[in-house]
Amino acid sequence: MKLLRDIGLLYKRKLMETLRNPIYIVMSMLTPVLYLILFSPLLNKLVGTGGTRSVLDLFVPGLLVIVAFFNGLFVGYGIIDEIRNGVIERFRATPTSRFAILAGPVLRDTTNVLVIVTLFTLVSVPFGFRPDPVGWLVLLVIISMLIITTASFGYALGLILKEEDRLSPIVQGVNLPILLLSGVLLPMELAPTWLQVLAHFNPVYYSVEAARVLCAGTIWDAKVGYAFLFMVPLTVLVVAWATRAVRSVVA
Amino acid sequence: MPDAVVVTEDLKKYFPSRNGPVKAVDGVNLEVFPGEIFGFLGPNGAGKTTTLRILTTLVKADSGAATIAGFDVLREPGDVRRNIGYVGQAGGADRPATGRENLILQGRLYDMTLQQAKERAAELIAALDLTEFADRIAHTYSGGQLRRLDVALGIMHRPKVLFLDEPTTGLDPQNRANLWIQIGKLRDMGVTVFLTTHYLEEADTLSDRLAIMDHGKIVAEGTPTELKKLVAGDTISVGLMDDRKNAAIAALLAQKPYVRDFTVDDCHLRIVVEEGSKVMPELLRLFDQESIEVATITLAVPTLDDVFLKQTGRTLRDTESAGGEQG
Ligand SMILES: Nc1ncnc2c1ncn2[C@@H]1O[C@H](COP(=O)(O)OP(=O)(O)O)[C@@H](O)[C@H]1O
Ligand SMILES: [Mg+2]
Chain R
17 MKLLRDIGLL YKRKLMETLR NPIYIVMSML TPVLYLILFS PLLNKLVGTG GTRSVLDLFV
77 PGLLVIVAFF NGLFVGYGII DEIRNGVIER FRATPTSRFA ILAGPVLRDT TNVLVIVTLF
137 TLVSVPFGFR PDPVGWLVLL VIISMLIITT ASFGYALGLI LKEEDRLSPI VQGVNLPILL
197 LSGVLLPMEL APTWLQVLAH FNPVYYSVEA ARVLCAGTIW DAKVGYAFLF MVPLTVLVVA
257 WATRAVRSVV A
Chain V
56 MPDAVVVTED LKKYFPSRNG PVKAVDGVNL EVFPGEIFGF LGPNGAGKTT TLRILTTLVK
116 ADSGAATIAG FDVLREPGDV RRNIGYVGQA GGADRPATGR ENLILQGRLY DMTLQQAKER
176 AAELIAALDL TEFADRIAHT YSGGQLRRLD VALGIMHRPK VLFLDEPTTG LDPQNRANLW
236 IQIGKLRDMG VTVFLTTHYL EEADTLSDRL AIMDHGKIVA EGTPTELKKL VAGDTISVGL
296 MDDRKNAAIA ALLAQKPYVR DFTVDDCHLR IVVEEGSKVM PELLRLFDQE SIEVATITLA
356 VPTLDDVFLK QTGRTLRDTE SAGGEQG
């Protein structure tokens, strides 16, 4: 089928880019590894280990989610480059579906994130992180939805704004509140009520909550249910919006 | 005449802006016939790119209609896309990939099999002289090399018509001349080419027929020769050794049917004729018979800029500095 084949072709184009420049994967590992080494020891003191579970079992699942979020949010810069070089316009003048033009790169970003998340999980094990294998696999599904959503969002922003100077304030403006309200750095339980209420509007918050219970081995949990309930429609909506942006962009 | 490949009817596209709508395309009617190179000449901001984007289904017109190879750009965008090649102002080559990879992907997006795409890519690499750099990452290409790759991408699937938007903008004279040769080859391959440019020489050299556009409207259309005939004619300037025979010369020139207009003052003759290159030898012979001594003689043929001037009251070279690169 043409649609699937075109998605495959455009996916391969972007994947080749990563394979030619694998340093990108290493760079993306840097932030979470620094958090692991330089930040998680602080949590040890603050939260206390609370029994046999390492504090890493609380902290690392959230980091995995944040890695997906970060990697997606910044893709807009890449597509601005491609708009400027006429690549997107060239594809738009071919019979390729507009959805494939979006899906190829998004699937590449998803692949990158899954590789980074897997590598980072492996790096965390010697530090004491012990995720439940099945729960971890379910988490990968949530993470995939999150990266698909944020990457589509990032591309749509790039397509609409077309200039780095206009993209940066929005990306930064979204980035920090989402991170602070995600409960990754410190559990939201420590927050006052109004902050907790605010956090419930944050898709990353649901994913982080689900990630913790999943890595602890609980799969049938309301938090996991909420994550899916929130992420599935959000993914569909954002992908549809981004596809529209591909359709209507004027370089 | 064969059926036109491109037909537009009263195309219009206005963009909203703070100072009222910008009439980017304001009632464009044109036809492009199979096998010709059709030039679209106009200053920056004339509406060339917007017209091309409408014809290539990238932008929707506000009103009017256009068909490409018989397909309506609005109602049958899929069929239009299959029949056209498009090389935008920005080029379109994917920089992190090699030229060959770019070409093969392009072919595949037009439903070629991998084998077909590889063969066609090899064919174009040879035909458009890309061999030397085809397997290097496009990041490393010079401006001229990138442009040649862009053109190859545009004709990868053997489109009925190729749209080239400002193909040589930003190239140095040598690379520009080289690309002109490559575009000339397209004519030999039988590709119909629709190109835009704001370079007079380019429109003049490359186009079989051209339209001059200004402020969203077509102000003149025809072959370069026809267009130049809109202007007064060729001008022959003659410097004389002395002015003693001026009266006789005036009488003589007034009798000649091929002289449209002339002025004589001091030792200077200005003669306007239909076709200067044919008249010049005859004039020289005439002066010789009459023992009129000629010091210098030069022929100035009208340029497309003269045509633009006549139709718009401005010259293209003037508008050059005024309008910035936009769109
Ligand atoms: N996407 C757009 N939004 C607003 N105005 C535009 C857009 N594209 C083009 N224009 C305006 O339309 C006019 C024609 O532009 P364009 O078609 O790019 O001209 P040309 O290619 O001849 O230089 C210009 O005034 C330009 O600023
Ligand atoms: Mg233009």
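Here the protein sequences line up with chains R and V, keeping their order. Each residue of the first sequence is one higher than the last, beginning at 17 in our numbering. Each residue of the second sequence is one higher than the last, beginning at 56 in our numbering. A virtual CB, placed ideally from N, CA and C, is assigned to each residue, including glycine.
Leaving out five residues before and five after residue i in sequence, what residues of the same chain have Cβ atoms less than 6 Å from its Cβ?
{"i": "V:D373", "result": "none"}
{"i": "V:G378", "result": "With a pLDDT of only 45 at V:G378, under the threshold of 50, the placement of this residue in the model should not be trusted, and no figure is reported."}
{"i": "V:G382", "result": "Confidence at V:G382 is low in this model, with a pLDDT of 39, below 50, so its placement is unreliable and the value that follows should be read with caution. Counting only Cβ-Cβ distances below 6 Å, and skipping sequence neighbours, we find T104."}
{"i": "R:L177", "result": "L183"}
{"i": "R:I117", "result": "F107 and V262"}
{"i": "V:L364", "result": "T370"}
{"i": "R:A258", "result": "L118, S168, Y171 and A172"}
{"i": "V:D361", "result": "V286"}
Can you give me the start and stop residues for the alpha helix (DSSP H) that residue i sits inside?
{"i": "R:Y27", "result": "K18 to R36"}
{"i": "V:E281", "result": "P279 to L285"}
{"i": "R:V248", "result": "A238 to S264"}
{"i": "R:E98", "result": "G92 to R100"}
{"i": "V:G100", "result": "Careful: V:G100 lies outside any alpha helix (DSSP H) and carries neither H nor E."}
Assuming residue i is part of the beta strand (DSSP E), what are its boundary residues?
{"i": "V:L265", "result": "R264 to D269"}
{"i": "R:F75", "result": "Run containing R:F75: none in the beta strand (DSSP E); it sits in the alpha helix (DSSP H), L72 to L89."}
{"i": "V:R213", "result": "Where V:R213 is concerned, there is no enclosing beta strand (DSSP E), given that its DSSP letter is neither H nor E."}
{"i": "V:E86", "result": "V77 to V87"}
{"i": "V:D65", "result": "V61 to F70"}
Residues in the same chain with beta-carbon distance under 8 Å from residue i, minus the five sequence neighbours each way, listed in chain order, please.
{"i": "V:T153", "result": "A189, D190, R191, I192 and A193"}
{"i": "R:N60", "result": "V71"}
{"i": "V:S72", "result": "none"}
{"i": "V:I273", "result": "V83, N84, L85, A266 and I267"}
{"i": "V:E380", "result": "Its pLDDT being 42, under 50, V:E380 is placed unreliably by the model, and the measurement read from it follows with that caveat. Cβ neighbours of V:E380 beyond the five flanking positions: N99."}
{"i": "V:C322", "result": "G294, L295, M296, D297, D298 and A350"}
{"i": "R:Y221", "result": "L197, S198, G199, M204 and A215"}
{"i": "V:K215", "result": "V60, P89, I123, A124, N138, I139 and T247"}
Report the neighbours of residue i on chain R: residues whose CB is nearer than 7 Å to its CB, in chain order.
{"i": "V:P151", "result": "E33 and R36"}
{"i": "V:R137", "result": "P111"}
{"i": "V:Y196", "result": "Chain R residues near V:Y196: none, gap ~12 Å exceeds 7 Å."}
For a contact meaning CB atoms closer than 8 Å, what does residue i contact in chain V?
{"i": "R:N101", "result": "A145, G146, G147, A148, D149 and R150"}
{"i": "R:E105", "result": "L113, Y141, G143, A145 and G147"}
{"i": "R:V266", "result": "R108, L113 and V114"}
For a contact meaning CB atoms closer than 8 Å, what does residue i contact in chain R?
{"i": "V:N190", "result": "Note that residue 190 of chain V is Asp in the sequence shown here, rather than Asn. Those within 8 Å of V:D190 in chain R number zero; the least Cβ separation is about 13 Å."}
{"i": "V:L208", "result": "R106"}
So if DSSP puts residue i in a beta bridge, which residue, or which two residues, is it bridged to?
{"i": "V:L339", "result": "Answer is none; V:L339 lacks a bridge partner."}
{"i": "V:T353", "result": "V:S292"}
{"i": "V:S250", "result": "With the sequence shown as reference, residue 250 of chain V is identified as Leu, and Ser is not the correct amino acid for it. For V:L250, which the question treats as bridged, DSSP gives the partners V:G94 and V:L219."}
{"i": "V:R137", "result": "None; V:R137 has no bridge partner."}
{"i": "V:R203", "result": "In DSSP, V:R203 forms no bridge with anything."}
{"i": "V:A172", "result": "The partner list for V:A172 (beta bridge, DSSP) is empty, contrary to what the question assumes."}
{"i": "R:E179", "result": "Paired residues: none, contrary to the question."}
{"i": "R:Y40", "result": "In DSSP, R:Y40 forms no bridge with anything."}
{"i": "V:V319", "result": "V:L324"}
{"i": "V:T153", "result": "V:I192"}
{"i": "V:I123", "result": "V:V61 and V:F126"}
{"i": "V:I273", "result": "V:M268"}
Please find out if some non-hydrogen atom of ligand 3 comes closer than 7 Å to the beta-carbon of residue i.
{"i": "V:N301", "result": "The ligand content of the structure shown is limited to ligand 1 and ligand 2, which means ligand 3 is not among them."}
Suppose the cutoff is 7 Å on Cβ atoms and the five residues either side in sequence are ignored; what does the same chain contact list for residue i look like?
{"i": "R:D73", "result": "F145, R146, C231 and A232"}
{"i": "V:V319", "result": "N301, I304 and A305"}
Taking Cβ-Cβ distances shorter than 9 Å, what residues in chain R pair up with residue i?
{"i": "V:L308", "result": "Within 9 Å Cβ-Cβ: nothing; V:L308 doesn't reach chain R, min ~55 Å."}
Using a C-beta to C-beta distance shorter than 7 Å, which residues of chain V count as neighbours of residue i?
{"i": "R:R260", "result": "Ordered by position in chain V, no residue passes the 7 Å Cβ test against R:R260, which lies about 14 Å from the chain."}
{"i": "R:L25", "result": "L160, R163 and L164"}
{"i": "R:R29", "result": "D149, A152 and L160"}
List, in order along the chain, the chain V residues whose C-beta lies closer than 9 Å to that of residue i?
{"i": "R:R146", "result": "Going along chain V, no residue has its Cβ under 9 Å from R:R146, so there is no contact; the nearest lies around 39 Å."}
(message) By the 8 Å beta-carbon criterion, what residues does the stretch 109–132 of chain V contribute toward chain R?
(response) When C-beta distances to chain R are compared with 8 Å, the residues of the stretch 109–132 of chain V below that value are T111, T112, L113 and V114, in chain order.
(request) Identify each residue in the stretch 160–172 of chain V for which the Cβ-Cβ distance to at least one residue of chain R is less than 8 Å, and report them in chain order. (result) If the cut-off is 8 Å between Cβ atoms, the stretch 160–172 of chain V has L160, Q161, R163, L164, Y165 and D166 near chain R.
(message) Beta carbons nearer than 8 Å to chain V: which residues of the stretch 114–132 of chain R have them?
(response) Of all residues in the stretch 114–132 of chain R, none has a C-beta nearer than 8 Å to a C-beta of chain V.
(request) Taking only beta carbons into account, state which residues of the stretch 158–187 of chain R come closer than 7 Å to chain V, listed in chain order. (result) none
(request) Quick one: which residues of the stretch 234–264 of chain R get their C-beta closer than 7 Å to a C-beta of chain V? List them in chain order. (result) none
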